[in-house]
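Quick note: the sequence shown, position 420, residue 420 per the UniProt record's numbering, numbers continuous.
All remarks here apply to the structure that follows.
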Amino acid sequence: MSGKVLICATSATKLLDGRETGCWVEEVATPYLLWREKGFQVDLCSVKGGAIPWDAGSCQGDFFTAEAQSFYNDAKLAEEWKNTKSIEQVLGGDIEHYDALFIPGGHGICFDGTSNEMKLLVETFWAAGKVVSAVCHGPAALTTAVGPDNQSIIKGRQVAGFSNHEEEAVGKTKAVPFLLEDKLKELGGDYVVGPDWQPLAVASGKLITGQNPASSKCVAELVIEAVAPGLKEPVHGKGPGEGFHHREKRGEEAHHHDHHDEHPRPGVRHDAPDESKQRSSWHQRGLTTRAQTGSGGLTEEGRRAATRDAADKFCADKLFDLSGSTAFVTGGAQGIGAAIALGLARHGANIVIADIANEDKAAEVVTAVEALGRRAAFVQCDVRRRSLTDAAVLESVKKMGVGPDILVASAGVIGRLERAEQVSHDGWTEVFSVNVEGSYNAAHACYPHMVKAGRGKVVFISSIAGIRGAGTQVAYAASKGALLPLSRSLASAWGKDNIQVNTLLPGAINTPFLNTMLANPRKLEYILGRIPLGRIGVAQDMVGPALFLASHASDYVTGAEILVDGGGAALPMLAAQDPDAYKA
């Protein structure tokens, strides 16, 4: 056996505009059949497991290449691609003996390629010094992965992928969460691009990428050269040193003959012979880098240990690693919002403090976040008005250079302490405009940026009063209770966008308002008697639950409510009303 390759395909089937998508058959078939021909063991998996969803366009006309037809119509192979393991199942087994990971394209991978599962798979292979390869849209699956240095594996390396010009030609620039060329450049990659629809692949150390479907064979050949150098000569059918010229010739021929590629070819340039020569130099330059870096100098046992270590590290640190995320925190200048903002920053997030006023306090939080080595900004935000909330989020994008993928909707008001029958219309409306409309307005404003990022976390801050009621704070209790169906509704609506929406319900937390109440000894005694843990909470008690809901640890949690109340909700309701309920 010459080598062992794991192919991981998308499980996603929908574009942003609702059109069907999936995996492109040619991009799996061509490498698969070539590797099998050269004696490689090749295994298939997909993000979620089960049948790989094929893009219907890749099974039609000239796009359905001879290799694609051979692969697709083979009954034995069909059993493989119809019954793939999920990434979770693969990671739960023995992956130490794989030599390379390959991720094919199709637009579907732009959606689930940024998932937590794919991130872990790529990082595990990378940390173990194995080859990581992808073609066309496949490099989208590399965009969230970081190496042991906590830097993107793309940064500083030559990388290819579906170009903006090619995406424009197929009319899908608005149907994907991001343009791959822009994303690879944004991450610091040395983006290499050739003529539209023509073969191009680059190897930069152990990272191998190709531009489009026509590049699938080039990528497969580079993987062979990286994993089993002794097979280099048979692969190209040429003498030593002539392999690059073979690929260059292959690229030139593609200018003059119809190549079965993924898309129409309106952008093919026939007047660029020098670019074909440059492609040869790109191949050679990339392979020189690979030869210098090798596989990281790891022995077989070292590679196995690195694989285990990578998985172990993910189970601990990586679950709560927010590096690269941006959190928009309403009401973040003080209290619970400020505590959560600092807690998220300690775990890698950049922070936007959004508050209606409190600029001095917001500046203190911004300074504290920056002291942690994170980026931070303050934007004035009146969550009661949707237009102003939209404007605040857009301002944050200008300041941070990226939209938020985490929202903590912490802005809220208590209202007056008064009997239910005394609540005025204006008092009721003010509380609901901040606590309910404000939370929705913030989520609504952040939503398109989360869709663009391909992921999102929304954390609403409700209250134990939202489920237990509060006779002297009727508007407050009702508004906090309203957040629960709001959260569930958004969770249901936005799950398709990989956005999780959840709610925290704090109990008695030591805030300025509660401090006033606690000045009354009888009130303090009454409140403590309702808390099994026997103490008043502090804002810091909210950080852990918020971090959980903002991180990868909660990727399969949405529409949920978490009580942070010292056990208060576990006690039975009391019939007696607090005798000092209306006294501050």
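We put the beta carbon where it would ideally sit given N, CA and C, even for glycine.
- Nearest C-alpha to residue 411 among 422, 394, 382, 216: 382.
- With 16 or more other Cβ atoms inside 10 Å of its own Cβ, residue 57 counts as buried.
- If you draw a straight line from the Cα of residue 521 to the Cα of residue 334, it is about 26 Å long.
- For residue 478, the uninterrupted alpha helix (DSSP H) run begins and ends at 474-494, by DSSP.
- By the C-beta criterion, the stretch 113-127 is judged not to be in contact with the stretch 183-190, since fewer than 3 inter-stretch pairs fall below 8 Å.
- It is roughly 28 Å from the alpha-carbon of residue 165 to the alpha-carbon of residue 325.
- In the DSSP assignment, residue 506 is bridged to 564.
- When DSSP states are grouped into helix, strand and coil, residue 418 belongs to the coil group.
- Within the stretch 348-428, the runs of alpha helix (DSSP H) that reach at least 4 residues and sit entirely inside it are, in chain order, 359-371, 386-400.
- Taking 9 Å as the cut-off, the beta carbon of residue 506 is found no closer than this to the beta carbon of residue 353.
- Rounded to the nearest angstrom, the gap between the Cα atoms of residue 170 and residue 106 is 12 Å.
- DSSP places residue 35 within a helical segment (H, G or I) once states are collapsed to three.
- Exclusion of the five residues before and after residue 376 leaves 351, 366, 369, 370 as the residues of its chain whose Cβ lies within less than 6 Å of its Cβ.
- Of all alpha-carbon atoms in 539, 543, 534, the one lying nearest the alpha-carbon of residue 567 is that of 534.
- Per the coordinates, the alpha-carbon of residue 430 lies some 29 Å from the alpha-carbon of residue 526.
- Taking C-beta atoms as the reference points, residue 560 and residue 511 fail to come closer than 9 Å.
- For residue 544, the enclosing alpha helix (DSSP H) begins and ends at 543-550.
- Around the beta carbon of residue 27, 16 or more other beta carbons sit within 10 angstroms, so the residue counts as buried.
- Between the alpha carbons of residue 458 and residue 356 lies a distance of about 20 Å.
- Residue 20 has 14 as its beta-bridge partners, per DSSP.
- For residue 458, there is no enclosing alpha helix (DSSP H); the residue is found in the beta strand (DSSP E) stretching over 456-461.
- With distances taken between CA atoms, residue 67 lies nearest to 33 out of 3, 33, 436, 419.
- Residue 41: member of the beta strand (DSSP E) spanning 41-46, first to last residue.
- Under DSSP, residue 8 forms a beta bridge with 45.
- Collapsing the DSSP output to three states places residue 556 in coil.
- DSSP places residue 30 in the helix class (H, G or I) of the three-state scheme.
- DSSP assignment within the stretch 55-128 yields the following whole beta strand (DSSP E) runs of 3 residues or more, N-terminal first: 100-103.
- DSSP lists 158 as the bridge partner or partners of residue 190.
- Going by beta carbons, residue 8 and residue 101 fall inside the 9 Å limit.
- Under the three-state reduction of DSSP, residue 324 is assigned to coil, being neither helix nor strand.
- Here residue 219 is near residue 134, since their CB atoms are less than 9 Å apart.
- Judged by DSSP in its simplified three-state form, residue 215 adopts helix.
- Between residue 4 and the set 193, 198, 224, 181, the nearest pair of CA atoms involves 224.
- In this structure, the alpha-carbon of residue 494 lies about 14 Å from that of residue 445.
- In this structure, residue 548 sits near residue 562, with a CB-CB distance shorter than 9 Å.
- By the C-beta density criterion, residue 181 is buried, having at least 16 other C-beta atoms within 10 angstroms.
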